[in-house]
Amino acid sequence: MFAAERRQLILEMVRANGAVSLRELARVVQTSEVTVRRDVRALEAEGLLDRRHGGAVLPGGFTRESGFPQKSHLATAEKTAIADLAAGLVEEGEAIVVGAGTTTQELARRLARVPGLTVVTNSLLVAQALAHANRVEVVMTGGTLRGSNYALVGSGAEQSLQGLRVSKAFLSGSGLTAERGLSTSNMLSASVDRALVQAAAEVVVLADHTKLGTDTMFQTVPTDLITRLVTDEPPGHDDRAATELQALADQGVQIAVTGANGSPGGDQVPPSRRPQLPGPRRGNPLRPTSALSDQPQPSERARVADLRRR
């Protein structure tokens with residue numbers, strides 16, 4: 004493939020998806036990441052896109068939201084590994100909320116094996132993944148269907164969450180920075196995500212490395228409300244993502260990182276750039292990050308039992 008054809012394809016991918024990792028671009032155009040990085044620099048010099056945290060985004064700093072078909076094909080191995088690791092945070096008999104997104108959909112598929120679980124969600128895809136799970140109760144919010152991501156949004160969704168209390172909220176988004184926290188490109192989705200956060204004692208963000216350092220229009224979860232981030236290991240050349248992880252850890256976010264090449268084997272950053280992970284904060288009953296099977300405290304068990312009785 005000639006350079007002009009390759010760069011045109013790269014540009015079309017970025018325009019279609021809003022943000023694409025170098026790894027994914029290299030896979031699609033069937034060349035090395037070194038070559039793709041050179042193409043991205045050339046396109047950036049023409050003002051056609053911006054380089055960002057090991058990938059490329061639409062120019063202007065704020066990425067737009069991609070539709071579900073595009074998102075479902077991005078960073079699939081990373082999302083799978085993140086979902087595997089995050090599933091270890093959920094205990095039998097818990098009540099949790101799970102927001103909309105392709106990564107949370109992967110998590111839901113794994114939660115189908117957790118007995119006695121109650122899952123509150125505004126995502127049709129999450130509900131579908133759990134529809135035939137034995138001993139898992141699914142509670143859906145009300146609201147208006149947003150077809151681009153198969154999620155229920157609006158005042159109906161937000162009102163149905165009032166008075167709810169669960170142990171954990173699992174959320175995804177379009178971008179994550181230490182400065183603003185989790186963000187998304189849609190106002191209605193952001194508003195429902197904020198309501199989900201208010202219902203939970205702990206907030207767990209699921210975000211692959213391509214979202215680290217990306218800032219989008221509407222803030223959903225400020226950094227000081229994020230209990231834990233589950234992410235994948237950034238590529239070796241992606242210093243920006245590693246710096247963002249360090250900044251998040253410095254602000255008290257507990258970081259759980261999958262193993263190399265997207266495998267779910269570990270929860271630590273590589274030694275050369277490992278953040279000093281903080282202990283528990285804001286009164287949340289969490290163990291250190293290496294202990295992924297946090298047991299709910301008695302007060303949490305009471306809240307879960309109360310929710311299930313209702």
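Take the sequence shown: its letter number 133 is residue 136 in this note's numbering, and every next letter is one higher. Virtual Cβ for every residue (Gly too), placed ideally from N, Cα, C. Everything numeric in this text was worked out from a predicted model, so none of it was measured.
Beta-carbon proximity check, residue i vs residue j, cutoff 8 Å
i    : j    : result
H212 : G57  : yes
V156 : R149 : yes
T217 : Q257 : no
A103 : V60  : no
L232 : V200 : no
V206 : T234 : no
E95  : V117 : yes
V100 : A203 : yes
L1   : R10  : Here the chain has residues from 4 to 313 only, and residue 1 is not among them.
A193 : T223 : yes
T226 : L251 : yes
Which of helix, strand or coil DSSP assigns to residue i
i    : result
I13  : helix
Q257 : strand
T34  : coil
L61  : coil
L51  : coil
A7   : helix
T226 : helix
R18  : helix
A29  : helix
P278 : For P278, the predicted structure reports a pLDDT of 40, less than 50, and the residue's modelled location is therefore unreliable. A value from the coordinates is still provided. Note: P278 maps to coil in three-state DSSP.
Identity of the residue in the options nearest residue i by Cα
i    : options                   : result
V37  : S163, G184 and G239       : G239
V195 : K214, S175, S35 and A6    : S175
N189 : F221, L28 and L46         : F221
T144 : V224, A198, E95 and T226  : A198
L215 : Q249, A204, V117 and A6   : Q249
L228 : G159, V32, Q254 and E27   : Q254
K82  : T223, A210 and M16        : A210
T121 : L167, S158, G146 and Y153 : L167
G3   : L14, A252 and A29         : With the chain running from 4 to 313 in the structure shown, residue 3 is simply not present.
G262 : V93, G119, A86 and V17    : A86
D53  : V17, S186, E236 and L251  : V17
T187 : N152, A84 and L164        : N152
A160 : A132, L185, Q131 and L191 : L191
A6   : T147, S24 and T34         : T34
E97  : S163, S177 and G119       : G119
Q131 : A154, E236 and S158       : A154
L88  : L185, T147, A29 and E236  : E236
Within 8 Å, do at least three Cβ pairs link the stretch 124-132 to the stretch 100-107? yes
Curious, which full-length alpha helix (DSSP H) runs of at least 4 residues does the stretch 80-135 contain? 105-114 and 127-133
Runs of beta strand (DSSP E) lying entirely within the stretch 139-224, each at least 3 residues, in chain order: 139-143, 147-149, 154-156, 169-174, 178-180, 184-187, 203-209 and 221-224
Report yes or no: do the stretch 134-141 and the stretch 164-179 share at least 3 C-beta pairs separated by less than 8 Å? no
Taking one C-beta from the stretch 78-86 and one from the stretch 39-46 each time, how about it: are there three or more such pairs within less than 8 Å? no
For the stretch 112-119 and the stretch 181-191, state whether three or more C-beta atom pairs, one from each stretch, are separated by less than 8 Å. no
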